[in-house]
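Q: Structure incoming, see below.
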Amino acid sequence: MNAAARLAEVRALRRRRPRDRFLRGSLTALSAFVLGAWWWGDFGLVRLFASGRFARIGAFLRDQVAPAPLREGEGWGAAAAWAAEAWRTMGYEAAWRTLAIALAAMALAGVLAACVAPLASGALMTCDPFVPNTRHSTVCHVGWVVLRSLARLGAVLMRAVPEYVWAFLLLGLLGPTAWPAVLALAVHNGGILGRLGADTFENVPSGVPAALRSLGADRRQLLFAALLPTTFPRHLLFFFYRLETCVREATVLGMLGIVSLGYWVMEARARFRYDEMVFLVLLGVVLVLLADVASHLARRFAERSGPDHRGR
Amino acid sequence: MASASFRLDHVGVDFDGVEVLREVDLEIAPGEQVALVGPSGAGKTTLLRVLDGVVQPCSGRMLWDGRDVHGFGRRELRAFRASVGFVPQDHGLVPNLRVVQNVVSGKLGRRGFLASLRSLVWPGRDDLLRAHALLERVGIADRLFHRTDRLSGGQQQRVAIVRALFQEPEALLADEPVASVDPARARSVIRLLTDLATDRGLTLVVSLHDLELARAFLPRVVGLRNGRVLFDRPADRVSPADVEALYAFTDGVAAS
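First to last, the protein sequences are chains U and P. The opening position of the first sequence corresponds to residue 84 in the working numbering, with each subsequent residue numbered one higher. The opening position of the second sequence corresponds to residue 2 in the working numbering, with each subsequent residue numbered one higher.
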């Protein structure tokens, strides 16, 4: 075949190539929405870059955000003493209260998710899990679908309401204790983990559970003997990922008046002590980093403690 | 097309303390066609990966065209890897890309980042013509623009072979290319590989379970067992005793 003939052939093949119309349509629509959002969203790009704005930001950083001793020229030693004082008077309490809220909330979220995930998983909630092509009555079929849909719906409702809104609602019921924050984070994250857990169970390759089902295991046994062990590292990963988010969210919920980092941030701002405010914000960053390190270590541990899977 | 020579001197490889290859001496001349046979776990894949430059020997050395691969800098190592084509057992194709995109990936090792990105998104005329010609050679030219995962297993394997050829390699390595096909198909795949290598003067190394297939199509057979070379002879001189030693079992467990 000469080059010209081959080129014609290639072009003919390209014209006849299989196309995914849905993919094309959705990409076009998405691009249109994005462009439209920027065009009609009235963000006022000009305002962002208005003259003098950056100079004002610079002045603010220099005159307000830098720690007081540094601004007054007392040197780094004094600044360190200032930071130690800030840690002692509010940083310490803000940090541990924030961590405590996050940990308590995640413990509850874990329990909630453990209840929801198996019930919402399509892999387990069928007439005869992991056995393909079996004939069952419509009643049986529909029954299981209804059950798992209810569990799914529950998980959706739990996470559809943002934690901030949950906390806002609970604050009215429970008053200004840590409970509104703990429960809000527990419910929201329980919903998320429940859904992720259910999906994880559904994505387990059917080989292992099918083998155990074929020797007579019931649903709970399948859950504990096949699904959980094969997916355990994944659940850990999700749990610690949410824990990290939870530490961040516990900070934010403080802005409702619940005693966590966010509360002190608001309070420092109200006193126009921007240096203390920034100190507390940075403390929040450190907490999230700590949570990240903890999740990394836990995952490593989970991978190592599993059965030896070295291959050639 | 140029072809390459390999030489292994006392090569040993261990993974986490498990010895996979030990004291392997092997010399493969340019353009030579070699079958690597042995039971599962003999170290065939690892040996191929040493030849491919992606597993470093823990002891001994690997010479490519007379040069020690261990001494290669980043650039030389990349050039070396680009000149050795590897057809993995599981094909290693991106399932949701079109066949042509998988094929032009063969040139990744020879192209800069932007050029390769461009060729993936919008392959140039030369790339298209070459990909089409190679696919035609293996009998699936009409699949040029199909999604790769819509192809049958055998067709996907041929795409993987074409990707390796698109690389313009000097040597072609194939890891268990017939592990999951029926005997008739197995013969045609091996014949395709040897024909392609002969046409282009490529050095060819194929790992196989099946000693009979190896003897029928490849002029030289290397028997590997427990990470050691058990025999290395012309195909017509492989004796029944060799076969016995290669696949010997004691109490159902391969003897060491």
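A virtual CB, placed ideally from N, CA and C, is assigned to each residue, including glycine. The structure presented is a predicted model; accordingly, all values stated were derived computationally and were not measured.
1. I'd like the span of the beta strand (DSSP E) that includes Q34/P, first residue to last.
2. Output yes if chain U places a C-beta closer than 8 Å to the C-beta of F146/P; else output no.
3. Quick one: what's I29/P bridged to in DSSP?
4. Suppose the cutoff is 6 Å on Cβ atoms and the five residues either side in sequence are ignored; what does the same chain contact list for H30/P look like?
5. Looking at the structure shown, is T260/U part of a helix, part of a strand, or coil, going by DSSP?
6. Taking the Cβ atom as the reference point for each residue, do L207/U and L306/U lie within a distance shorter than 8 Å?
7. What distance in whole Å lies between the Cβ atoms of H147/P and R99/P, which are believed to be in contact at a cut-off of 8 Å?
8. For the stretch 313-340 of chain U, which residues have a beta carbon sitting closer than 9 Å to at least one beta carbon of chain P?
9. How long is the line joining the alpha carbons of L150/U and G141/U, rounded to whole angstroms?
10. So if DSSP puts V206/P in a beta bridge, which residue, or which two residues, is it bridged to?
11. So, is the C-beta of D276/P closer than 8 Å to a C-beta in chain U?
12. Going by beta carbon distance, what residues of the same chain come within less than 6 Å of A132/P, once the five residues before and after it are set aside?
13. Check the Cβ-Cβ distances between P288/U and every residue of chain P, and say whether any is below 8 Å.
14. Within the chosen definition, does the stretch 271-286 of chain U reach the stretch 319-338 of chain U through at least 3 CB pairs nearer than 8 Å?
15. Expressed to the nearest angstrom, what Euclidean distance is found between the alpha-carbon atoms of G224/P and A377/U?
16. Would you call the stretch 114-130 of chain U and the stretch 328-341 of chain U in contact, with 3 or more CB pairs under 8 Å?
17. So with Cβ pairs under 8 Å, would you call L90/U a contact of chain P?
18. Is L209/P close to chain U? Criterion is C-beta to C-beta, closer than 8 Å.
19. Excluding the 5 residues preceding and the 5 following P152/U in the sequence, name in chain order all residues of the same chain whose CB lies nearer than 8 Å to its CB.
20. Taking Cβ-Cβ distances below 9 Å as the criterion, which residues of the stretch 67-93 of chain P are in contact with chain U?
21. Taking a Cβ distance cut-off of 8 Å, strictly less, list which residues of the stretch 110-126 of chain P are near chain U, in chain order.
22. Closer than 7 Å between beta carbons: that is the criterion. Which residues of the stretch 93-116 of chain U meet it against chain P?
23. Taking only runs of the alpha helix (DSSP H) that begin and end inside the stretch 298-333 of chain U, which ones reach a length of at least 4 residues, in chain order?
24. For the structure I just gave you, are there three or more beta carbon pairs, one from the stretch 161-174 of chain P and one from the stretch 199-208 of chain P, closer than 8 Å?
25. Counting only C-beta atoms, is A308/U closer than 8 Å to chain P at any point?
26. What number of angstroms, rounded off, separates the C-alpha of A120/U from the C-alpha of A133/U?
27. Can you tell me where the beta strand (DSSP E) with V117/U in it begins and where it stops?
28. Give me, in chain order, the residues of the same chain whose beta-carbon lies closer than 7 Å to that of V139/P; leave out the 5 immediate sequence neighbours on both sides.
29. Between S208/P, E33/P, L27/P, which has its C-alpha nearest S4/P's C-alpha?
30. Which of the three DSSP states, helix, strand or coil, is assigned to F16/P?
31. Find the residues of chain P that neighbour A86/U, judging by a C-beta separation of less than 8 Å, and give them in chain order.
32. When the Cα of R79/P is compared with those of L52/P, Q156/P, R111/P, which residue comes out closest?
33. Tell me which same chain residues have a C-beta within less than 7 Å of the C-beta of P390/U, skipping the five on either side of it?
34. Quick check: what's the CA-CA separation for E285/U versus L37/P?
35. Work out the CA separation of D282/U and L145/P for me, nearest whole Å.
36. Can the beta-carbon of A177/U be found less than 8 Å from the beta-carbon of L366/U?
A: On the basis of the supplied data:
1. Segment 34-38, the beta strand (DSSP E) holding Q34/P.
2. Yes, contact with chain U.
3. In the DSSP assignment, I29/P is bridged to F7/P.
4. The question names His, but residue 30/P is Ala in the sequence shown. Counting only Cβ-Cβ distances below 6 Å, and skipping sequence neighbours, we find S6.
5. Under the three-state reduction of DSSP, T260/U is assigned to coil, being neither helix nor strand.
6. Against a cut-off of 8 Å, the Cβ pair of L306/U and L207/U comes out as a contact.
7. Rounded to the nearest angstrom, the Cβ distance from R99/P to H147/P is 6 Å, consistent with a contact under 8 Å.
8. If you check each beta-carbon in the stretch 313-340 of chain U against every beta-carbon of chain P, none falls closer than 9 Å.
9. The question names Leu, yet the displayed sequence has Pro at residue 150/U. One C-alpha to the other measures close to 15 Å.
10. DSSP lists V35/P, L174/P as the bridge partner or partners of V206/P.
11. With chain P covering 2 to 257 only, the question about residue 276/P has no answer from this structure.
12. For A132/P, where only same-chain residues beyond five positions count, the Cβ hits under 6 Å are V101, V104.
13. Chain P, which has no Cβ nearer than 8 Å to the Cβ of P288/U, makes this no.
14. Contact between the stretch 271-286 of chain U and the stretch 319-338 of chain U is present, because at least three Cβ pairs lie under 8 Å.
15. The alpha-carbon atoms of G224/P and A377/U are separated by roughly 49 Å.
16. In this structure the stretch 114-130 of chain U does not touch the stretch 328-341 of chain U; the number of beta carbon pairs closer than 8 Å is below three.
17. Taking Cβ atoms only, chain P reaches closer than 8 Å to L90/U, which makes this a yes.
18. Not an interface residue.
19. G158, A161, A162, A164, W165, listed in sequence order.
20. Residues passing the 9 Å Cβ filter: none.
21. Going along the stretch 110-126 of chain P in chain order, one finds R126 with a Cβ nearer than 8 Å to chain U.
22. Look at the stretch 93-116 of chain U: the residues with a C-beta under 7 Å from a C-beta of chain P are V93, L96, R97, R100, P101.
23. For the stretch 298-333 of chain U, whole alpha helix (DSSP H) runs of length 4 or above, ordered along the chain, are 302-305.
24. They touch, by the three-pair rule.
25. No, its Cβ sits nowhere closer than 8 Å to a Cβ of chain P.
26. A straight line joining the alpha-carbon of A120/U with that of A133/U spans about 21 Å.
27. Going by DSSP, V117/U is part of no beta strand (DSSP E) but of the alpha helix (DSSP H) stretching over 104-123.
28. Excluding positions up to five away in sequence, the list reads R159, I162, V163, L193.
29. Ranking the options by Cα distance to S4/P, first place goes to E33/P.
30. Strand.
31. Residues of chain P passing the Cβ test: L130.
32. For R79/P, the nearest C-alpha among the options comes from R111/P.
33. Residue placement at P390/U is poorly supported in this model, since its pLDDT is 49, which falls under 50; the coordinates are not used for a value here.
34. Going from the Cα of E285/U to the Cα of L37/P covers about 41 Å.
35. Taking the straight line from one Cα to the other gives about 35 Å.
36. Yes.
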